[in-house]
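Reviewing the structure listed below.
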Amino acid sequence: MQWIDLFGSSHSLFLAGIALLGLIVGSFLNVVIWRLPQMLRREWASQCYEYLQENIPALETTIQPHFSKNTKPFNLITPPSHCPQCNHKISVVENIPLISFIFLKGRCRHCKTPISWRYPLIEIFTALLSVIVAFVFGLNLQTFAGLILTWSLFTLSVIDWEHQILPDDITFPLLWLGLIFNIQHVFTDITSAVIGAIAGYLFLWSVYWLFKLFTGKEGMGYGDFKLLAMLGAWLGWSALLKIVLISSFLGAGLGITLILLKRHSKEQPIPFGPFLALGGWVTMLWGDKISRFYTMHFTIL
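Counting in the working numbering, the sequence shown runs from 140 upward without gaps.
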């Protein structure tokens, strides 16, 4: 336990260690953000092909060129990281978070193709978010749990913004993990967590169907229901209102700004997942302070 005593005695060393951990995790999140949507699309295409083969055998020759079952392994580990331009396999030395990007001057070592800035930015942003969580909670179980939730929310946000999907592969395991943590009252009690998961899903599910009933349009996806259920499992039912208000305010603000700047059309949907994730993250860190501030300044006695 000496390393815990060492970190506990030096706050700066603790935060520096968390920043380094954040850079390493950010490098892995780059892989997840890039590959997971492709993995899902390959899986869906494979399932479509199998279904069509079984149910429409007469069209097999027509289907074959368009739907084929993927035989080569493609996951978070295989194939190894490589340059998409020249297929140069990236060595361990070339894959050091942030340092390799600087050393290689942002270009592939083999073909000199520019490396996207998104890779170091995601690493830096992951480290920054991790340090904020550690600074707020300190050296305890809340930091450990908060880091897991933070990394997951960040990953979901980027994937949803780019692909308009919130993978069940992340939301479902995190929902159960939130319940497990709250058996130990990490963020709330287990009863509040269970009610939060149920209420989180049903609330957005109800909004979705009411909106569709009156407008005939779908205002959000089922992934948003699952994400709010996940946040309810982590933070409890009492946090849901704050999460929804914060995310709605931020989403509306950004949407109006983009439309006014003519960067976004009114008909083009804006993913709600990143705003839910940000609302959940802010509530996790400062939810109690937000409640106290509201009670002190806006409650009529």
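Built from N, CA and C at the ideal position, the CB exists for glycine as well. For clarity, every value in this text was computed on a predicted model and none was experimentally measured.
In this chain, the alpha helix (DSSP H) harbouring Leu352 covers Ile329 to Thr354.
For Arg257, the enclosing alpha helix (DSSP H) stretches over residues Arg257 to Phe276. Distance check between Gly165 and each of Ser430, Leu175, Pro219 and Thr294 places Thr294 closest, using alpha-carbon atoms only.
Secondary structure remark: continuous alpha helix (DSSP H) runs of at least 4 residues inside the stretch 354 to 385, in chain order: 361 to 374.
For Val325, there is no enclosing alpha helix (DSSP H), as DSSP marks it with neither H nor E.
DSSP places Arg180 in the helix class (H, G or I) of the three-state scheme.
Residues Gly358 of the same chain have their beta carbon placed closer than 6 Å to that of Phe350, with the five preceding and five following residues left out of the count. Between the stretch 150 to 160 and the stretch 267 to 281 there are three or more inter-stretch CB-CB distances shorter than 8 Å, so the stretches are counted as touching. By the Cβ-count criterion, Asn226 is exposed, with fewer than 16 other Cβ atoms from all chains shown falling within 10 Å of its own Cβ. Between the stretch 362 to 380 and the stretch 301 to 312 there are three or more inter-stretch CB-CB distances shorter than 8 Å, so the stretches are counted as touching.
When DSSP assignments are scanned along the stretch 279 to 326, no uninterrupted stretch of beta strand (DSSP E) that is 3 or more residues long falls wholly within it.
For the 8 Å CB-CB criterion, Val171 and Leu243 do not form a contact. At a cut-off of 4 residues, not a single continuous stretch assigned as alpha helix (DSSP H) sits fully inside the stretch 147 to 178.
Here Gly390 is near Phe414, since their CB atoms are less than 8 Å apart. In this structure Thr289 is not in contact with Leu168, their Cβ atoms being roughly 11 Å apart against a cut-off of 8 Å.
Pairwise C-beta distances place the stretch 407 to 421 in contact with the stretch 377 to 387, as three or more of them are shorter than 8 Å.
Of all alpha-carbon atoms in Gln177, Phe342, Trp256 and Thr282, the one lying nearest the alpha-carbon of Leu268 is that of Thr282. Straight across, the Cα-Cα distance linking Gln323 with Arg246 is about 47 Å.
According to the DSSP assignment, Ser239 belongs to the alpha helix (DSSP H) that extends over Ile238 to Phe242. Taking Ile429 as the centre and dropping the five residues before and after it, the same chain places the C-beta of Lys381 closer than 7 Å to its C-beta, in chain order. Distances from the alpha-carbon of His249 to those of Ala378, Gln224 and Arg257 put Gln224 closest. Pro253 has Arg246 as its beta-bridge partners, per DSSP. When secondary structure is reduced to three states using DSSP, Lys428 falls in the helix class.
Close CB contacts of Val297 within its chain, under the 6 Å cut and outside five residues either way in sequence, are with Ile172 (chain order).
Taking the C-beta atoms as reference points, Met178 is found no nearer than 8 Å to Phe326. Exposure of Trp300 is indicated by the presence of fewer than 16 other C-beta atoms within 10 angstroms of its C-beta.
Using a Cβ distance threshold of 8 Å, Leu175 and Glu262 do not count as a contacting pair.
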